[in-house]
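Heads up: the sequence lines are chains A and B, in that order.
All the letters of the first sequence, read from the start, carry residue numbers 1 to 108 under UniProt numbering.
All the letters of the second sequence, read from the start, carry residue numbers 1 to 108 under UniProt numbering.
Note that CB positions come from ideal geometry on N, CA and C, so glycine has one too.
Beneath this line is the structure, given in structure tokens, with notes to follow.
Protein chains: 2
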Amino acid sequence: MAKKSTQKRCDSTPVKLKADPTADDFAKLAWAIAHPARVQIVRLLIGREACVCGEIVDQLPLAQSTVSQHLKILKESGLIQGEVDGPKVCYCINPDRLERLKDFVAGL
Amino acid sequence: MAKKSTQKRCDSTPVKLKADPTADDFAKLAWAIAHPARVQIVRLLIGREACVCGEIVDQLPLAQSTVSQHLKILKESGLIQGEVDGPKVCYCINPDRLERLKDFVAGL
DNA sequence: TTACTTTATCGCCTATCTACGATTAACGAT
DNA sequence: ATCGTTAATCGTAGATAGGCGATAAAGTAA
Numbered sequence: 001m002a003k004k005s006t007q008k009r010c011d012s013t014p015v016k017l018k019a020d021p022t023a024d025d026f027a028k029l030a031w032a033i034a035h036p037a038r039v040q041i042v043r044l045l046i047g048r049e050a051c052v053c054g055e056i057v058d059q060l061p062l063a064q065s066t067v068s069q070h071l072k073i074l075k076e077s078g079l080i081q082g083e084v085d086g087p088k089v090c091y092c093i094n095p096d097r098l099e100r101l102k103d104f105v106a107g108l
Numbered sequence: 001m002a003k004k005s006t007q008k009r010c011d012s013t014p015v016k017l018k019a020d021p022t023a024d025d026f027a028k029l030a031w032a033i034a035h036p037a038r039v040q041i042v043r044l045l046i047g048r049e050a051c052v053c054g055e056i057v058d059q060l061p062l063a064q065s066t067v068s069q070h071l072k073i074l075k076e077s078g079l080i081q082g083e084v085d086g087p088k089v090c091y092c093i094n095p096d097r098l099e100r101l102k103d104f105v106a107g108l
């Protein structure tokens, strides 16, 4: 009665939105790629499916310290890994984490 | 010559990481779901594949104004849409945007 | 040792997020 | 017109992001 469009389009089934333990990890992974520079870094690493180092800095219009910050964020999310190789550091994708991200989004 | 592991794991092919026009949109979409509350909102809306309104507030341990902010962020990303229905507002997923997000991540 | 290279970290600054209570605006119902 | 409901917006406050230059740390090479 009277609640016209509400009836049509809204589903008012009560839902339990209880603690979604995966939401935090999902958000963490999404956050890792929630910046254009980090998207490009991830794509670059996937593209060569191996690791790179300060060359990433040359490819981005950002200061070395800024790129290092982004790499740190990506590392903390687990999406990438860094491996010390002498004075250089090689970064590569963590396939498991990438897969987890893909599963998350695909499962939406 | 000395650069042992570098030879093994690093790919030093020079890359053009020129302006990636999709990176911005990708980051924007990722940013939209880069918060646990927004992940839950999106999941909720997908779950009932219709729209909801202030009920979202009841399902989250957040103040009404805070939830409204998150909804605004999601709306700005295009992931969800709001439709005024009298004094209420019904939110629903924007399938095109969601698909775009999925394509982005799947294409990584 | 002394350079030189490479990368991480340290301030520092500005801008934005996140959260909240309080207020405003819009609508329905009486 | 008045009341009650709903949702957005306004301030405010604290935390964090994002950018940079400068510095420190770690390694290589001479």
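Do residue j and residue i count as a contact pair if the criterion is CB distance below 8 Å?
i, j, result
"Leu60/B", "Val52/B", "no"
"Lys102/A", "Ala32/B", "no"
"Val89/B", "Gly78/B", "no"
"Asp85/B", "Pro36/A", "no"
"Leu44/A", "Ile80/A", "no"
"Gln64/B", "Asp20/A", "no"
"Arg38/A", "Ile93/A", "no"
"Leu98/B", "Leu29/A", "no"
"Leu62/B", "Tyr91/B", "no"
"Ala34/B", "Ala27/A", "yes"
Helix or strand or just coil, what does DSSP make of residue i?
i, result
"Ile33/A", "coil"
"Gly107/B", "coil"
"Gly54/A", "coil"
"Lys3/A", "Here the model assigns Lys3/A a pLDDT of 30, short of 50, so the residue's position is not dependable, and the following value carries that caveat. Looking at Lys3/A - three-state DSSP - the assignment turns out to be coil, as it is neither helix nor strand."
"Gly78/A", "coil"
"Cys92/A", "strand"
"Arg100/B", "helix"
"Asp24/A", "helix"
Taking 8 Å as the threshold (beta carbon to beta carbon), is residue i in contact with chain B?
i, result
"Val42/A", "yes"
"Lys72/A", "no"
"Val67/A", "no"
"Val57/A", "no"
At a Cβ threshold of 8 Å, is residue i touching chain A?
i, result
"Pro36/B", "yes"
"Val105/B", "yes"
"Ile80/B", "no"
"Ala63/B", "no"
"Asp96/B", "no"
"Lys102/B", "yes"
"Asp11/B", "Only weak support is given to the placement of Asp11/B: the predicted model assigns it a pLDDT of 49, under 50, and the value that follows is read from those uncertain coordinates. It does; some Cβ of chain A falls within 8 Å."
Any heavy atom of the ligand SAH closer than 7 Å to the beta-carbon of residue i?
i, result
"Ile80/B", "Within the structure as shown, the ligand SAH is missing, as the structure has no ligands at all."
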